[in-house]
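Counting in our numbering, the sequence shown runs from 9 upward without gaps.
Glycine included, each C-beta is placed from N, C-alpha and C at the ideal position.
The structure under discussion appears below in the form of structure tokens.
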Amino acid sequence: MNRISTPAHLAALALASALAGLAAPAAQAALNTLDGKAPLVIAHRGASGYLPEHTLGGYELAIRMGADYIEPDLQLTKDGHLVAMHDTSLARTTNVEQVLGARNGNYRTSDYTLAELKTLTVNPSGGLAQETYPGFNPSSATPYKIPTFQEVIDFAKQQSALTGREIGIYPEMKTAGAEIEAKVFDTLVANGYKTGDKVFIQSFHASSIQNVHARQTELGYDFNLVVLGSASAINTLGLANIAAYADGVGVSITSAGMGQSFIEAAHGVNLKVHGYTFSKFDGTAKQQYLDFFVYGIDGVFSNFTDIAIDARTEFLAAAVPEPGTWAMFGLGIAGLAVFARRRQAA
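What follows is the structure, encoded as structure tokens:
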């Protein structure tokens with residue numbers, strides 16, 4: 009499946025994402041999400057199916073395609089800085105072997121300082137990923153370097169101002185422990201996030217989410233907290249137990265037991281369900297999203313934001329709007345068409 013987005017198509021995708029907020033109230037009768045709103049599109053490691061993962065360039069492409077949230081996986085450097093990096097090892101996604109060489113026999117992120125990591129370049133590593141994307145020119149001077157968590161936050165705020173829609177952040181603590189838990193929490197607080205903001209904190213370590221919950225309860229904060237795992241792992245922890253300290257669960261969409269019944273059970277104890285990872289890019293990709301939207305999934309982690317936005321737009325359009333919302337929704341769709349034509353002509 010060869011997907012090349014023109015600048016006009018990128019603009020249309022972003023506008024479609026904004027219009028999802030208008031379409032959702034009209035389509036509530038057909039939506040099975042916990043809050044009745046349109047499911048979220050979360051850029052899994054950025055536009056990782058097209059560009060190097062966890063880079064400002066990758067995040068920017070996902071935002072231009074309409075992502076509601078960008079997801080930085082976070083790890084600590086040797087000198088205690090939070091950086092966006094999925095793997096414990098730098099070897100798969102960077103040129104560390106050529107530039108810095110091994111430390112203690114391997115390439116662990118935690119064995120290098122931030123200054124050293126800034127000398128590395130992140131390489132494309134998944135899906136259709138390459139070093140460039142047709143029609144896309146990143147705004148960052150260093151689009152494919154390893155960003156710090158602070159740089160990701162700054163970039164999300166900058167892009168929010170430029171696009172006129174708030175870009176959420178969805179950090180994952182890749183390891184457990186008091187240091188990373190405190191630094192993620194403190195960084196969010198220092199940047200003005202508190203309650204009602206577009207922030208989810210996620211971890212595969214339930215104990216870390218419990219610790220963050222305890223701290224934010226004590227200090228009067230209310231970030232959205234998410235426990236990650238397979239459907240069976242989540243069921244072992246117990247949905248009702250998780251609901252005592254978290255707002256949602258992030259669940260592997262390929263794990264046994266993940267489907268409509270699981271989502272309904274989670275909703276029954278007031279937990280949102282976000283599914284990972286939507287990584288298909290062939291002719292069956294859109295249908296996979298549509299199936300889960302019917303199930304009532306609240307958000308999707310996608311390597312291909314454009315496919316996710318296309319699927320969500322199609323799903324929302326299929327819902328029957330209530331009479332009072334036809335005018336607003338129709339104006340939005342008309343605006344989308346006009347805007348896309350103007351960008352194409354430019």
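Asked, Found
"CB of A254 within 8 Å of CB of I217, strictly", "yes"
"Start and end residues, beta strand (DSSP E) containing A286", "The displayed chain sequence assigns Phe, not Ala, to residue 286. Note, F286: beta strand (DSSP E), 280–286."
"A51 (DSSP reduced to helix, strand or coil)", "strand"
"Nearest neighbour of S148, chosen from G65, F300, G267, G54 [CA to CA]", "G65"
"P60 beta carbon less than 8 Å from that of N145", "no"
"Segments of 4+ residues assigned as alpha helix (DSSP H) that fall wholly inside the segment 97–155", "104–107, 122–125"
"S287 to G246 span [Cα, whole Å]", "28 Å"
"For V235, the first and last residue of its enclosing beta strand (DSSP E)", "230–237"
"C-beta contact flag for S240 and A264 at 8 Å", "yes"
"Nearest residue (CA-CA) to T171, options D76, N311, P47", "D76"
"DSSP three-state assignment for A325, whether helix, strand or coil", "helix"
"Cβ neighbours of S211 in the same chain (closer than 6 Å, five flanking residues each side left out)", "M181, I217"
"Distance between T156 and F312 (C-alpha atoms, nearest Å)", "23 Å"
"Integer Cβ distance of T121 from T85, believed to fall under 8 Å", "6 Å"
"Pairwise C-alpha distance: I175 and T127", "28 Å"
"Residue from Q167, A214, V197, L236 with nearest C-alpha to D230", "V197"
"Assigned secondary structure, D205 (DSSP; H/G/I helix, E/B strand, else coil)", "strand"
"Buried or exposed (CB count within 10 angstroms, at least 16 for buried), N219", "buried"
"Range covered by the beta strand (DSSP E) that runs through L84", "81–84"
"Range covered by the alpha helix (DSSP H) that runs through S215", "214–227"
"C-beta contact flag for Y58 and L48 at 8 Å", "no"
"C-alpha distance - D81 paired with A110, whole-angstrom precision", "22 Å"
"Bridge partner(s) assigned by DSSP for E187", "None; E187 has no bridge partner."
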